[in-house]
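Add 26 to the 1-based position in the sequence shown for the numbering used here, that's all there is to it.
Everything below concerns the one structure shown next.
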Amino acid sequence: MPVIPRAKIKPGLKVAIVLKEDQASGKLTEGIVKDILTHSPTHPHGIKVRLQSGAVGRVKTILE
27 MPVIPRAKIK PGLKVAIVLK EDQASGKLTE GIVKDILTHS PTHPHGIKVR LQSGAVGRVK
87 TILE
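So, in structure tokens, the structure goes:
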């Protein structure tokens, strides 16, 4: 799966993330980005975000 750079992720964007507890299974959680938590331009496991629901995980796909 390609790494999505931080520059493509903005608050309000609908994304699918992997929560820390779901890393082994790869289960995706969908939601709207509230905050971007990773400061570097890229991260090998995905940019860490907080969704509006409060869930925190790494972005795997952009849904819109």
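Every residue gets a Cβ at the ideal spot worked out from N, C-alpha and C, and that includes glycine.
Item                                                                                         : Value
Backbone CA spacing between S51 and G83 [nearest angstrom]                                   : 14 Å
Distance between D48 and V85 (C-alpha atoms, nearest Å)                                      : 13 Å
Cutoff 6 Å; reference L39; Cβ partners in own chain excluding five residues on either side   : V59
C-alpha distance - A42 paired with L89, whole-angstrom precision                             : 7 Å
Spatial distance of P31 from S79 (CA atoms)                                                  : 22 Å
Local Cβ density within 10 Å of V44, reported as buried at 16 or more and exposed below that : buried
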